[in-house]
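In this note's numbering, the protein residues as written are 11 to 129.
The C-beta atom is built at its ideal place from N, Cα and C for all residues, glycine as well.
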């Protein structure tokens, strides 16, 4: 094992507070926006783009966390990075198909309403 990248106790506390807490709050706010906008069919590119950004950030953090684990870094270094990365990858990644379905249903409702008006 090489020397730890950072002080494990300090890093775990700060990383968990800033990235875990702040990122988790941002992810929750984004989820609320998804719940409000997707059934209405609004903001599709922004909402799905943000979800993909969470997944990409999660994959990067997961890779760094796995590298830290494999390279023998202490638990206080690899665990917070890997945990935040997995959460940011799994939760938004699992919700992307649901959000797409909501947008598709909104589009179908719009088309049905338009055909009733015209028809």
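{"query": "Residue nearest to residue 103 in terms of C-alpha spacing, selected from 111, 61, 93 and 67", "result": "61"}
{"query": "Segment contact flag, the stretch 110 to 122 with the stretch 42 to 55, C-beta cutoff 8 angstroms, min 3 pairs", "result": "yes"}
{"query": "Where residue 18 falls: helix, strand or coil (DSSP)", "result": "helix"}
{"query": "Continuous alpha helix (DSSP H) stretch holding residue 28: start and end", "result": "Unbroken run through residue 28: none, as it is neither H nor E."}
{"query": "Cα-Cα separation, residue 34 to residue 14", "result": "26 angstroms"}
{"query": "Reduced DSSP secondary structure (H/G/I, E/B, other) of residue 116", "result": "helix"}
{"query": "Helix, strand or coil at residue 104 according to DSSP, with G and I counted as helix", "result": "helix"}
{"query": "Three-state secondary structure (DSSP) of residue 52", "result": "coil"}
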